[in-house]
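J.:
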Amino acid sequence: MTSQGAHRQGHLFATLFPCCFKNNDPAEITHFHENISTAVLEPTLPMPPHEELDLMFTELVDELDLTEEHRAGMFALPAEKKWKLYWSKKMEAEGDKGATSWPEYYIDQLRSMAARKTLLIMEDEEEQGRQRVVEGLKTALRTQPMRFVTRFIDLDGLSCVLNFLKSMDYETTESPVHTSLIGCIKALMNNSQGRTHVLGHSESINIIAQSLVTENVKTKVAVLEILGAVCLVPGGHKKVLEAMLNYQTFASERTRFQTLVTDLNRATGRYRDEVNLKTAIMSFINAVLSQGPGETSLEFRVHLRYEFLMLGIQTIIDKLRSHDNATLDRHLDFFEMLRNEDELLLSKRFDRVHIETRSASQMFELIRKRLSHTEAYPHLLSALQHCLMMPFKQNSTMVHYWVLLDRIVQQLVLQTDKGENPDVAPLEDFNVKNIVRMLVKENEVRHWKDQADSMRKDHQELKQRFEKKERECEAKNKEKEDMMAMLNKLKDKLERECNDHKQAKQQLVELSARLQQLGSASSVPGGLPVTGGNLVPLLPVPSPALPPPGGLAAFGITPFAPPPPPPPPPPGAPLGSIKQKNIPQPTNPMKSFNWSKLPESKIKGTIWAEIDDLKAFKVLDLDKFQHTFSAYQRPQKETDDDNAIVRRVKELSVIDGRRAQNCNILLSRLKLTNGEIRSAVLSMDEQEDLPRDMLEQLLKFVPEKSDIELLEEHKHELERMAKADRFLFEMSRINHYQQRLLSLYFKKKFAERLTDVKPKIKALCLASREVMKSRTLRQLLEVVLAFGNYMNKGQRGNAYGFKVSSLNKIADTKSSIDKNITLLNYIVTVLEKKFPTVMALNEELQYVPEAAKVNMMELEKDISNLRSGIKSVEAELQYQQSQTSLGPNDKFVPVVRQFLTVASFSLSEVEESFVEAKDLLGQALQHFGEDSSKLQPDEFFGTFDTFLSSFSEAKQANEDMARHKEEEEKRSLLEAKMKRDREQKAKKAQINVKGDEGGEFDDLVSALRSGEVFDKDLSRMIRKKHRRQETVNNNRERPATKLNQ
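According to our numbering, the stretch in the sequence shown is residues 2 to 1046, in order.
#1: For lysine 221, report the span of its alpha helix (DSSP H) as first-last.
#2: Quick check: does the Cβ of alanine 230 come within less than 7 Å of any heavy atom belonging to the ligand ZN?
#3: For a minimum of 4 consecutive residues, which ranges assigned as the alpha helix (DSSP H) are wholly contained in the segment 781-864?
#4: Among Arg255, Thr297 and Asp352, which has the Cα closest to the Cα of glutamate 308?
#5: Thinking valine 805 and phenylalanine 952 are a contact (beta carbons under 8 Å), I'd like their distance in whole angstroms, please.
#6: Pair every Cβ in the segment 258-275 with every Cβ in the segment 311-330, then say whether three or more of these pairs are closer than 8 Å.
#7: Going by DSSP, which residues form a beta bridge with methionine 1?
#8: One question on the structure: do valine 911 and leucine 755 come within less than 8 Å of each other, judged by their Cβ atoms?
#9: Quick one: what does DSSP say leucine 120 is sitting in, helix, strand or coil?
#10: What whole-angstrom Cβ distance do histidine 765 and asparagine 843 have, given they're in contact under 8 Å?
#11: Determine the DSSP secondary structure at glutamine 452, reduced to helix, strand or coil.
#12: Using the Cβ count rule (16 or more neighbours within 10 Å means buried), how would you classify histidine 51?
#13: So, helix, strand or coil for isoleucine 368, using DSSP?
#14: Grouping DSSP H, G and I as helix and E and B as strand, with all else coil, what is isoleucine 735?
#15: Determine the direct distance from the alpha carbon of serine 707 to that of aspartate 891, and round the result to whole angstroms.
#16: If we ignore side chains and look at the alpha-carbon of each, how far apart do leucine 908 and isoleucine 666 end up?
#17: Using only alpha-carbon positions, find the residue among Ile108, Asn287 and Ser323 that is nearest to asparagine 266.
#18: Determine the direct distance from the alpha carbon of methionine 75 to that of arginine 143, and round the result to whole angstroms.
#19: Could you work out which residue in Gly229, Phe258, Lys470 and Lys221 is closest to glutamate 689 when comparing CA atoms only?
#20: Can you name the start and end residues of the alpha helix (DSSP H) that histidine 304 belongs to?
#21: Starting from phenylalanine 906, trace the alpha helix (DSSP H) both ways and give me its first and last residue.
#22: Could you tell me the alpha carbon to alpha carbon distance between leucine 767 and phenylalanine 900, rounded to whole angstroms?
#23: Using the Cα positions of isoleucine 584 and leucine 711, report the straight-line distance between them to the nearest angstrom.
#24: Output the boundary residues of the alpha helix (DSSP H) element that contains proline 198.
#25: State the CB to CB distance for the pair asparagine 191 and aspartate 1003, rounded to an integer number of angstroms; the pair is presumed to be in contact (CB under 8 Å).
#26: Indicate whether glutamate 204 and leucine 156 have their beta-carbon atoms separated by less than 8 Å.
#27: In angstroms with no decimal places, state the Cα-to-Cα distance between phenylalanine 1015 and phenylalanine 335.
#28: Tell me the start and end of each unbroken alpha helix (DSSP H) in the segment 749-785 that is at least 4 residues and wholly inside, in chain order.
#29: Are glutamine 194 and isoleucine 154 close, meaning C-beta to C-beta below 8 Å?
#30: Give me the Cβ distance between lysine 83 and leucine 54, rounded to the nearest whole Å; I'm assuming they're in contact under 8 Å.
#31: Could you name the residues of the same chain whose beta carbon sits closer than 7 Å to that of asparagine 675, not counting the 5 residues immediately before and after it, in chain order?
#32: The alpha helix (DSSP H) spanning leucine 671 covers which residue range?
#33: Helix, strand or coil for isoleucine 209, going by three-state DSSP, please let me know.
#34: Classify serine 886 as helix, strand or coil using the three-state DSSP reduction.
#35: In the DSSP assignment, the alpha helix (DSSP H) including threonine 180 goes from what residue to what residue?
#36: Grouping DSSP H, G and I as helix and E and B as strand, with all else coil, what is aspartate 157?
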């Protein structure tokens, strides 16, 4: 159908229904067939009832794919007009049932034309036949009902059109067939469903853009109108930029917009007076610049416009003014006003009226002034310096370097905070935000680091002081609380014993009176004599024997060492019969050689009797040996000046090197002087200077007997001793240093050890009571016993009870119907229905999981270690009390005496609780018929704990199965309902395709062609221009020369 025929159809449809269509509505939004008559056919059948007519008319309107406004107008027509329109459409459909009414016909024709390759010029008739087929497809896509377009899309008709476009020869490319094919795509995009299909195709926009290679002006105009309109569609702008980049490669152009600017500049031949093409190019350029990211991003508009300016578009625009075409001038005005607006915004950023972007010196001066006296200025100089060192030899590599630099700067300007590129990314995997995040300024990092180090140091000091004070307060509060608790308990205990004593005294008086009565009534031979007093003397309580050393071995620390043997006789004392050798003496102390010396009595008859070491001394270099193994440490440091030696202070070290190193590490962590450590040990660390972990480490560096002997030999050289040696020497001067440390360590760990033991005892007591008193557990056992007797026969049946370990075997029995269901699942289901109170079993047995973790043997061992530890501290207390020469700072006796008073009472209370826990455990085992001599609490309560977990899992599994079953039922009902709905709406779903407004794409093309789409922005810029008239008068004049490239 020709364009005049299409206009007549639209005019006729608007004449018939003026309420629906206005005079400015384009004809393309209608969907009438090309053979529609010029008058509506009169119906030959009577009009059906209104309900039936509305249903029939609804089907007709759905096929037309009208807008909501037009649909409302159609339904507002009188019933007679509805019936006439429906009758006309029905007669038209019955009269047009040829092959051309089906999309399969056109698709087959397109495939055959695309597959045909010939070197001969086609006859006119053949060329006209191809033209008619393509024009017929274009008309059908515009006028046929919606089902035609849907069928065309389903048969992949778009791919056939695109393949034809890609495979065209030169003659076809320059023929009207090419223009009609572009028109087919435009007609398809005029439909909402077709437009979505075209934009969703991976190559459609690229192939459409490749049609710009033709010399056919009409084809170029149609392609530019489609690309410009796509820029106005959400998500289409970037597709167009990608398509133009693809066209650059396809056409082997230097830039992606080179062809457009070249066509815009042509003024000879067919392009002399071709205003339509120049208007289409300018409308496309304006759409690319102002739409998409260009709506909000000044940087993007400047970036993209510069591509056109480098191609000399400004000079061309000045020449285009000579055409004196209103529509073209409208687009030219928009381009220039948008450019002036952007240049003004850019100038305001630098507080200037105008920036000459063609002047490198002016732009550099602006940048230099902006960055001067800032931290970024050195980096600008560095960038310029590196630019000076780039290769300047005229070759392709040199150009690529500058292109790379240009693209990097483009990415810095254009990339969003999310790392997205509004334009086609010139560099892949180049995320500016991530790179900037890594390039934090070094001076800031250094400043932050120094500040953080200072704050960390201050914080550490405050933290240490706070922790020290906190430890002191905690220790004092704990001692106070323990003392108050002990006094209260002692008070209660004394009151109970006093009452018991009074009762016992009263009973004794009564018994004495009865005995006297019996004695006076009858003489009983051999009777007990009755004293006149009422009190029975109490037996003396034996004092506890001194405990053997080593009572603290359970705490993982070295036990008390036995008293050291008497020291060796001083020098000069008689040595009995030992013969003295004439051994040379070193001038300085030597390192010790830890050998095992043979007594002189065992030398006879051995190889040692034949050896004389005095002969060896004559040939040995004793000076070198003394230098190598001297006890003095001589750190030396070589310098660059003739190997000069810087001598440091000599240090004396006689203990093992590794032991000394570890000791130095410990002392550096303690951060206390030897005097402070000595004071803390003597005062039993009243100031809490020695944490428990440090105290445990100190126990590893107790001076040994050999260390003490060596250190005593060099005590006159105390000032030259190494740090570790001096520490061991000063600690060795403390009487019973090791025993004091052990006592202090036990004192600090006692409360923690006691706290670990108490919850275990409490858990045993409460769990034993829970399992004996739980009614829900009793009900559960009854149900399990019933099911077990019902299932088992013979010797395994007829049971009166079962071992508790059998509870964990319930889940092993599977259902014969469903293997996912166990006997435990079934019992849980029965309990939920019949005995719902049993489901709270976990709440009644709260302490069973804790009791299951208690190992009786370990618990007894812990309590025994506490008792033996107290005895060891008591022994040390007795030793210290026997010493008469205790210094004024030695507070071992008062501190330890007070500690033992509280600790002994606390431990006695724990032991009583432990005895009670054992009794309750035995009762619980007997309650369930278990052997108390074989079953431990972790096994007994562990059985219940495992069963409780399985019980909860079975309950959850039942809930999951029930929920899954309910969801399956709901899903089945929903699927059945959806199936019925699909069957009921199948016909309507095929006809009534959901979409946007029909003809919308044609409206976009028309508005873009006329420039109406830019009216709003153009008016806004004109108003701004009037407001700043004085500023514009001083603005630069538009140059007439081409920009320097």
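Glycine included, each C-beta is placed from N, C-alpha and C at the ideal position. Predicted model only: the values in this text are computed from it and were never measured.
T.: Put simply:
#1: Numbered from 1 along the sequence shown, position 220 holds the residue referred to as residue 221. Here the alpha helix (DSSP H) through lysine 221 covers 218-233.
#2: Among the components modelled here there is no ligand, and therefore nothing to report on the ligand ZN.
#3: List check, alpha helix (DSSP H) in window: 824-835, 842-845 and 849-852.
#4: In the sequence shown, residue 308 corresponds to position 307, counting from 1. That would be Arg255, whose Cα lies nearest to the Cα of glutamate 308.
#5: Residue numbering aside, residue 805 sits at position 804 when the sequence shown is read from its first letter. Residue numbering aside, residue 952 sits at position 951 when the sequence shown is read from its first letter. Actually they are not in contact, since the Cβ atoms of valine 805 and phenylalanine 952 sit about 14 Å apart, beyond 8 Å.
#6: In short, these stretches touch, since the Cβ pair count reaches three.
#7: Nothing can be reported for residue 1, as the shown portion of the chain is limited to 2 through 1046.
#8: Taking the sequence shown and counting its residues from 1, one reaches residue 911 at position 910. Taking the sequence shown and counting its residues from 1, one reaches residue 755 at position 754. Their beta carbons are under 8 Å apart, which means valine 911 touches leucine 755 by this criterion.
#9: For the purposes of this step, residue 120 is identified with residue 119 of the sequence shown, where counting begins at 1. At leucine 120 the pLDDT is 45, less than 50, meaning the model places this residue with poor confidence; the figure from the coordinates comes in the next sentence. The answer is coil: DSSP assigns leucine 120 none of H, G, I, E or B.
#10: For the purposes of this step, residue 765 is taken as the residue at position 764 of the sequence shown. For the purposes of this step, residue 843 is taken as the residue at position 842 of the sequence shown. Contrary to the premise, residue 765 reads as leucine rather than histidine in this sequence. About 19 Å; that fails the 8 Å criterion.
#11: Position 451 of the sequence shown, counted from the first residue, corresponds to residue 452. Of the three classes helix, strand and coil, the one that applies to glutamine 452 here is helix, per DSSP.
#12: By one-based count along the sequence shown, residue 51 stands at place 50. Looking at its Cβ environment, which holds fewer than 16 other Cβ atoms inside 10 Å, histidine 51 is exposed.
#13: Reading the sequence shown from its first residue, position 367 is the one you call residue 368. Three-state result, isoleucine 368: helix.
#14: In the sequence shown, the residue the question calls residue 735 occupies position 734. DSSP places isoleucine 735 in coil when its eight states are reduced to three.
#15: Taking the sequence shown and counting its residues from 1, the one referred to as residue 891 is at position 890. Taking the sequence shown and counting its residues from 1, the one referred to as residue 707 is at position 706. Between aspartate 891 and serine 707, the C-alpha separation is close to 27 Å.
#16: As a working mapping, residue 908 is identified with position 907 in the sequence shown. As a working mapping, residue 666 is identified with position 665 in the sequence shown. Cα to Cα, leucine 908 sits roughly 37 Å from isoleucine 666.
#17: Residue mapping note: residue 266 aligns to position 265 of the sequence shown, counting from 1. The shortest Cα separation from asparagine 266 among Ile108, Asn287 and Ser323 belongs to Ser323.
#18: The sequence position of residue 143 within the sequence shown is 142, counting from 1. The sequence position of residue 75 within the sequence shown is 74, counting from 1. Using only the alpha carbons, I get a separation of about 19 Å.
#19: Position 688 of the sequence shown holds residue 689. Per the Cα distances, Lys470.
#20: Translated into the one-based positions of the sequence shown, residue 304 becomes position 303. Counted as a single uninterrupted DSSP element, the alpha helix (DSSP H) harbouring histidine 304 occupies residues 299-311.
#21: For the purposes of this step, residue 906 is identified with residue 905 of the sequence shown, where counting begins at 1. Counting along the chain, the alpha helix (DSSP H) containing phenylalanine 906 begins and ends at 893-928.
#22: Sequence index remark: in the sequence shown, residue 767 carries index 766 (1-based). Sequence index remark: in the sequence shown, residue 900 carries index 899 (1-based). Straight-line Cα distance between these residues: approximately 30 Å.
#23: Counted from its first residue, the sequence shown places residue 584 at position 583. Counted from its first residue, the sequence shown places residue 711 at position 710. Distance between the alpha carbons of isoleucine 584 and leucine 711: 19 Å.
#24: By 1-based counting over the sequence shown, the position of residue 198 is 197. According to the sequence provided, residue 198 is histidine. The question's proline does not apply to it. It spans 193-201 - the alpha helix (DSSP H) in which histidine 198 sits, taken as one unbroken run.
#25: For the purposes of this step, residue 191 is identified with residue 190 of the sequence shown, where counting begins at 1. For the purposes of this step, residue 1003 is identified with residue 1002 of the sequence shown, where counting begins at 1. Between asparagine 191 and aspartate 1003 the beta-carbon gap is near 5 Å, inside 8 Å, which marks them as a contact.
#26: As a position in the sequence shown, residue 204 is number 203, starting the count at 1. As a position in the sequence shown, residue 156 is number 155, starting the count at 1. In this structure, leucine 156 does not lie closer than 8 Å to glutamate 204 by Cβ.
#27: Within the sequence shown, numbered from 1, the residue matching residue 1015 stands at position 1014. Within the sequence shown, numbered from 1, the residue matching residue 335 stands at position 334. Taking the straight line from one Cα to the other gives about 7 Å.
#28: none
#29: As a working mapping, residue 194 is identified with position 193 in the sequence shown. As a working mapping, residue 154 is identified with position 153 in the sequence shown. Result yes, Cβ atoms of glutamine 194 and isoleucine 154 sit closer than 8 Å.
#30: For the purposes of this step, residue 83 is identified with residue 82 of the sequence shown, where counting begins at 1. For the purposes of this step, residue 54 is identified with residue 53 of the sequence shown, where counting begins at 1. Confirmed, about 6 Å.
#31: Your numbering for residue 675 matches position 674 in the sequence shown. Excluding sequence neighbours, asparagine 675 sits near Arg727, Phe728 and Glu731.
#32: Taking the sequence shown and counting its residues from 1, the one referred to as residue 671 is at position 670. 658-671 is the span of the alpha helix (DSSP H), which, as asked, contains leucine 671.
#33: By 1-based counting over the sequence shown, the position of residue 209 is 208. Helix at isoleucine 209.
#34: In the sequence shown, counting from the first residue as 1, residue 886 sits at position 885. The answer is coil: DSSP assigns serine 886 none of H, G, I, E or B.
#35: The residue you call residue 180 lines up with position 179 of the sequence shown. Where threonine 180 is concerned, the enclosing alpha helix (DSSP H) stretches over 177-190.
#36: In the sequence shown, the residue the question calls residue 157 occupies position 156. Coil.
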